[in-house]
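Heads up: the sequence shown at position 67 corresponds to 453 in this note's numbering, and the numbers run straight through without jumps.
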Amino acid sequence: MNEKEIEALAQMLTKASASKEEKSTVSREEQVELLKAIASKDEDGSVARKKYAESRASVLLPLLDVQSTARMIFQPELLPAGSQANYPISFDYTEIAGYLPKLGGAVTRITEGDEIYIPTFGIEGAVRYSLDVAQQGRIDIAAEQMRLLKNRIVAKEEYAAWRLIKAIHSGVNTNQTVYCSGTTENFHSFSKKALNSLYVQMDTQRRQLTDVFVSPRSLGDIREWSNTTIDYLTQREIFQNAGLPNDTVWDLKIRKVYDSSLVDNTAAWGFDVRSYGKMPILRQLETFEDPTAILQYEVGVLGRERVGFGVTDSWAVVKAVMDSSHAATPCANL
């Protein structure tokens with residue numbers, strides 16, 4: 387197997403493990419043979435494993451853009467090599483700006499000035515699976531490991547992003563939190579009233595509500611909306627789709643956050659994602675072969691990216707609390 391054939395192999399393997407939404411042009415039989423090739427004992431097998439590992443990034447990158455809530459809230463920007471991640475801010479309309487210096491680090495706040503510099507840091511992940519899996523051509527297990535690698539990168543991005551969001555929000559105007567509880571509705575319900583409260587408060591902040599993030603349980607409350615709350619056709623579509631068509635209502639996106647430590651069942655977060663924050667990307671996700679994996683008769687893939695998160699417009703967020711423990715009038719602070 388020459389260099390050109392190995393390169394073709396890596397490209398075909400990339401297509402073979404693409405997301406289920408994409409139809410691969412490679413048959414299952416071909417995929418099995420291609421996976422077996424990376425388990426070869428000779429030098430060609432070593433080169434094929436390296437090419438295979440490096441090709442994983444082209445599979446995972448498109449999935450990060452549509453599955454990471456961090457990339458939905460913060461505007462990603464791929465920076466040229468050697469450039470600085472600095473962005474203008476206007477403190478005439480923004481009370482606080484801030485950034486996360488490193489993964490797990492303390493949030494740094496800025497309360498004056500006209501520019502913010504956002505440092506970048508590394509986010510890494512790794513997976514391994516037995517060489518026997520490759521030798522047997524078990525492509526489903528190999529694909530599952532790539533999904534796991536993607537999930538580990540997404541989890542770290544979201545941890546960093548929501549840590550920054552909550553830290554900055556704790557220091558902004560108290561009116562940016564609205565309380566939606568009352569005797570006439572389920573205290574923990576993500577109701578139309580709660581959604582409207584987000585809309586109204588964001589409008590008072592002279593921003594446009596574009597995206598709302600809730601837990602899966604809160605989003606499920608939408609299926610309880612009656613035709614006295616919404617029109618019959620919308621209710622019918624909700625039941626047909628087990629949720630909002632295209633996750634959209636009132637021209638905004640309702641998005642799920644599965645990690646309850648980030649967004650729990652008693653809160654909904656609304657953003658104007660056009661201005662809220664920036665996500666500079668100094669190095670896009672790259673994948674490499676783990677050279678030590680073969681010593682344990684395993685196929686190993688390492689993933690790494692270098693990104694940053696910064697809030698440039700703290701007025702572009704509002705939080706709705708749907709909690710009966712707060713003694714507030716229904717949807718106060720409107």
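Ideal placement from N, C-alpha and C gives every residue a C-beta, glycine not left out.
Could you give the C-beta distance for residue i and residue j, rounded to a whole number, given that I count them as a contact under 8 Å?
i, j, result
"Ile482", "Gly557", "5 Å"
"Ala425", "Leu517", "5 Å"
"Gln591", "Trp701", "5 Å"
"Leu688", "Ala512", "5 Å"
"Asn472", "Ile502", "7 Å"
"Gly490", "Arg690", "At roughly 16 Å, the Cβ-Cβ gap does not stay under 8 Å, so Gly490 and Arg690 are not in contact."
"Met532", "Leu446", "7 Å"
"Arg641", "Met458", "6 Å"
Can you grab the Cα-Cα spacing for the pair residue i / residue j, in whole Å?
i, j, result
"Ala706", "Thr480", "20 Å"
"Leu420", "Ser583", "54 Å"
"Asp441", "Ile539", "Sequence check: residue 441 is Ser here, not Asp. Their backbone Cα atoms lie some 16 Å apart in a straight line."
"Glu498", "Gly484", "11 Å"
"Ser646", "Lys427", "45 Å"
"Leu449", "Ala529", "13 Å"
"Cys566", "Ala553", "22 Å"
"Val703", "Gly656", "6 Å"
"Lys579", "Asp658", "19 Å"
"Lys488", "Pro466", "21 Å"
"Asp500", "Ala423", "56 Å"
"Lys409", "Phe460", "For Lys409, the predicted structure reports a pLDDT of 48, less than 50, and the residue's modelled location is therefore unreliable. A value from the coordinates is still provided. Approximately 30 Å between the Cα atoms of the pair."
"Leu486", "Val519", "40 Å"
"Pro505", "Gly468", "13 Å"
"Glu675", "His555", "40 Å"
"Ala439", "Asp589", "48 Å"
"Ser444", "Asp526", "18 Å"
"Ile475", "Ile667", "19 Å"
"Ser413", "Tyr585", "49 Å"
Whose CA, out of the options, lies closest to the CA of residue i?
i, options, result
"Thr455", "Arg549, Ala425 and Ile475", "Arg549"
"Glu415", "Lys427, Leu450 and Gly523", "Gly523"
"Glu510", "Arg593, Ala546 and Asp518", "Ala546"
"Leu638", "Leu595, Leu668 and Ile608", "Leu595"
"Tyr683", "Asp645, Tyr515 and Asp597", "Tyr515"
"Arg669", "Gln417, Lys578, Glu675 and Pro462", "Pro462"
"Asp607", "Asp597, Ile504, Phe507 and Phe576", "Phe576"
"Gln521", "Gln417, Ile667 and Ile640", "Gln417"
"Leu605", "Ile475, Leu581 and Leu447", "Leu581"
"Lys542", "Asp526, Gln453 and Gln531", "Gln453"
"Glu544", "Leu648, Thr494 and Ala439", "Leu648"
"Ile551", "Ile527, Ile525 and Thr494", "Thr494"
With 16 other CB atoms within 10 Å as the buried threshold, where does residue i fall?
i, result
"Phe477", "exposed"
"Gly686", "buried"
"Thr570", "Its pLDDT being 48, under 50, Thr570 is placed unreliably by the model, and the measurement read from it follows with that caveat. Looking at its Cβ environment, which holds fewer than 16 other Cβ atoms inside 10 Å, Thr570 is exposed."
"Thr673", "buried"
"Lys536", "buried"
"Leu464", "exposed"
"Ala492", "exposed"
"Gln470", "exposed"
"Val643", "buried"
"Met708", "buried"
"Glu429", "exposed"
"Asp451", "exposed"
"Thr563", "buried"
"Thr560", "exposed"
"Asp597", "buried"
"Glu407", "Note on Glu407: pLDDT 44, under 50, position unreliable in the model; no value is reported."
"Asp699", "buried"
Check whether the Cβ of residue i lies closer than 6 Å to any heavy atom of the ligand SAM, and answer yes or no.
i, result
"Thr560", "Questions concerning the ligand SAM fall outside what the structure shown contains, since it holds no ligand whatsoever."
Less than 7 Å between CB atoms is the rule here; does residue i satisfy it with respect to chain C?
i, result
"Arg524", "The chain inventory of the structure shown lacks chain C, comprising one protein chain alone."
Taking three-plus beta-carbon pairs below 8 Å as touching, is the stretch 692 to 711 in contact with the stretch 659 to 666? When Cβ pairs closer than 8 Å are counted between the two stretches, the stretch 692 to 711 is seen to touch the stretch 659 to 666, the count reaching three or more.
Decide if the stretch 431 to 443 is in contact with the stretch 675 to 683; the criterion is three or more beta carbon pairs, one per stretch, under 8 Å apart. Taking a cut-off of 8 Å on C-beta distances, the stretch 431 to 443 touches the stretch 675 to 683, as three or more cross pairs fall below it.
Touching or not, the stretch 648 to 657 and the stretch 591 to 605, by the rule of three or more beta carbon pairs under 8 Å? Yes: at least three Cβ pairs fall under 8 Å.
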